[in-house]
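In this text, residue positions in the sequence shown follow the numbering used here: the first is 129, and each later residue adds one. All C-beta atoms in this analysis are idealised placements derived from N, C-alpha and C, irrespective of residue type, glycine included. Just below is one structure, and these are the notes that go with it.
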Amino acid sequence: MFSDQDTTEAMNQVLQRYQDNFPRHLLAVNRQLDAGIMERLVEQRGHRGLRLSFEPYISLAAGGATRISQIADSLGVTRQAANAVANELQSLGYIQRVSDPEDGRAKHLVLTPFGEQLRADGLKVAAALQTEYRRTLGDAEFTHCLDGLESLVARLPDTSPEIWLSIENTPADARFAALLPRLGDYVSRQLMLLTINRGHPGLKLSYQQVLTLIGRDGGRMQTMAQVHKVSKQAINAIATELQQLGYIERRPDPRDARQLLLHFTPAGLDLLRDSVNAIRELEAELAGMIGDEALHALKGCLRALYNALQPEPRLNAGDLDDMARNLLSRLGPARARELAELLTALASSAPGEQGNAPPETAGRTMHRSEEWITS
Numbered sequence: 129m130f131s132d133q134d135t136t137e138a139m140n141q142v143l144q145r146y147q148d149n150f151p152r153h154l155l156a157v158n159r160q161l162d163a164g165i166m167e168r169l170v171e172q173r174g175h176r177g178l179r180l181s182f183e184p185y186i187s188l189a190a191g192g193a194t195r196i197s198q199i200a201d202s203l204g205v206t207r208q209a210a211n212a213v214a215n216e217l218q219s220l221g222y223i224q225r226v227s228d229p230e231d232g233r234a235k236h237l238v239l240t241p242f243g244e245q246l247r248a249d250g251l252k253v254a255a256a257l258q259t260e261y262r263r264t265l266g267d268a269e270f271t272h273c274l275d276g277l278e279s280l281v282a283r284l285p286d287t288s289p290e291i292w293l294s295i296e297n298t299p300a301d302a303r304f305a306a307l308l309p310r311l312g313d314y315v316s317r318q319l320m321l322l323t324i325n326r327g328h329p330g331l332k333l334s335y336q337q338v339l340t341l342i343g344r345d346g347g348r349m350q351t352m353a354q355v356h357k358v359s360k361q362a363i364n365a366i367a368t369e370l371q372q373l374g375y376i377e378r379r380p381d382p383r384d385a386r387q388l389l390l391h392f393t394p395a396g397l398d399l400l401r402d403s404v405n406a407i408r409e410l411e412a413e414l415a416g417m418i419g420d421e422a423l424h425a426l427k428g429c430l431r432a433l434y435n436a437l438q439p440e441p442r443l444n445a446g447d448l449d450d451m452a453r454n455l456l457s458r459l460g461p462a463r464a465r466e467l468a469e470l471l472t473a474l475a476s477s478a479p480g481e482q483g484n485a486p487p488e489t490a491g492r493t494m495h496r497s498e499e500w501i502t503s
């Protein structure tokens, strides 16, 4: 336990390590990738009712007729859970069940024409995002990143032959979106299991949505909801469970007494320390699969991508730079650029500036800026 003799510096080191590490960079970039694909499929391609959990089912079914039992085994979930997702996909018209010609009692999942279109659209969107990431990192570094991901995912103990076949069948220009989520899923599960084994039996994967966004000055539930694209009520429910476990507490916001901030308790800081040790153990495991040098290179490119994309806000925000990072995290690069253009137009219309715009123009610009920030 952290005692009264523990120094602030020691606790800050734990917080720093917890907030700046390979799993965090990986999962944040993966979250932005998933959100970008979903957003473009809905807004640009007209698909409805999508959820991130659909992707592996679509990919596996695209490889040919597949039984529920095979999907469940490949994904490491129960057949009941796999069947529930399949039922939802069937109700949306993306898959259908056909009889096995060799066993009339068994059913195979196959893509419908609508499902084939979703698969094709998903690959196009993933390819466009991969092009953006390649441009961000540079061709050589991004290629090294892809090679490292492919080497590591191929060696993960839960990469089944069916999963690997679906990855190999993904076009090279969209393969980043096939590899990154597989590694992200494995890292999330392993970190949770390793931390549970250190004396935290009540942990759930969903707790990451809250724990990873609490800094030295606390964390705001609204920010957590925005980053993870969920409701504030969902975040509040997770926070309540963590509070009941003794890991966090709610304190008044010193800048706004009407708001409450989430803070770590001493038990919560112990959890962070054990999580940091779990990260070290996980990295040693991954290095054993591909070697220290290859893992170091992969960590470096994902850190560079994380820093360039800024997929989540800094935890101790306060100045204009941090405000900009928060908005970029919330809006995404394209929408953030448009907001910047709107704010530039607004600034040029401010009193005392050359080329002042008419009041009605400034008013429209202000209104549109407010729409972007509150949307």
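Residue i vs residue j beta-carbon contact at 8 Å
| i | j | result |
| --- | --- | --- |
| VAL142 | VAL404 | yes |
| LEU423 | ALA415 | yes |
| MET320 | LEU307 | no |
| LEU410 | GLN318 | yes |
| GLY396 | ILE376 | yes |
| ASN297 | GLY191 | yes |
| PRO439 | ARG159 | yes |
| VAL253 | ARG168 | yes |
| LEU237 | ALA200 | no |
| ASN140 | ARG344 | yes |
| LEU399 | VAL157 | no |
Element boundaries [alpha helix (DSSP H), containing residue i]
| i | result |
| --- | --- |
| LEU370 | 360-372 |
| GLU269 | 267-283 |
| VAL404 | 394-418 |
| SER187 | 183-190 |
| THR323 | 304-324 |
| LEU161 | 150-171 |
| ASN211 | 207-219 |
| SER294 | 289-296 |
Per DSSP, the bridge partner or partners of residue i
| i | result |
| --- | --- |
| ARG379 | LEU389 |
| LEU237 | THR194, ARG225 |
| GLY343 | GLY346 |
| ASP249 | Beta-bridge pairing links ASP249 to no other residue. |
| ASP384 | ASP381 |
| ASP231 | ASP228 |
Boundaries (first-last residue) of the beta strand (DSSP E) holding residue i
| i | result |
| --- | --- |
| GLN224 | 223-228 |
Cβ shell of residue i (< 8 Å), same chain only, five flanking positions each side left out
| i | result |
| --- | --- |
| MET181 | Going by the sequence as given, residue 181 is Ser instead of Met. The residues are VAL213. |
| GLN144 | none |
| ILE324 | LEU331 |
| ARG233 | none |
| ASP402 | THR323, ARG326, GLY327, HIS328 |
| ARG378 | ALA367, GLN371, LEU388, LEU389, LEU390, HIS391 |
| ALA353 | SER359, LYS360, ALA362, ILE363 |
Sequence-distant residues of the same chain with beta carbon closer than 7 Å to residue i, five excluded per side
| i | result |
| --- | --- |
| LEU217 | PHE182, TYR185, ILE223 |
| GLY221 | THR240, PHE242 |
| ASP381 | GLN387, LEU388, LEU389 |
| ALA302 | LEU251, ALA254, ALA255, GLN258 |
| ILE165 | GLY250, VAL253, ALA254, LEU257, ALA305 |
Same chain, Cβ closer than 6 Å to residue i, five either side skipped, listed in chain order
| i | result |
| --- | --- |
| GLN155 | Looking at the sequence shown, residue 155 is not Gln but Leu. Same-chain partners within the cutoff: GLY312. |
| ILE295 | ALA306 |
Residue i beta carbon near the ligand NAD (any heavy atom closer than 7 Å)
| i | result |
| --- | --- |
| ALA254 | Here there are no bound small molecules, and the ligand NAD is not part of this structure. |
Any 3 or more C-beta pairs closer than 8 Å across the stretch 329-343 and the stretch 362-369
Cβ pair count under 8 Å is three or more, so yes.
Three or more beta-carbon pairs under 8 Å between the stretch 258-270 and the stretch 234-248, yes or no?
The stretch 258-270, when compared against the stretch 234-248, does not touch it at the 8 Å Cβ threshold.
Per the contact definition of three or more C-beta pairs closer than 8 Å, is the stretch 274-284 in contact with the stretch 310-327?
Below 8 Å, enough C-beta pairs join the stretch 310-327 and the stretch 274-284 to call them touching: three or more.
Contact the stretch 209-226 vs the stretch 145-155: 3+ CB pairs below 8 Å
Look at the beta carbons and you see the stretch 209-226 not touching the stretch 145-155: under three pairs across the two are nearer than 8 Å.
Do the stretch 190-204 and the stretch 343-356 meet, that is, are 3 or more Cβ pairs less than 8 Å apart?
Contact fails: fewer than three Cβ-Cβ distances are below 8 Å.
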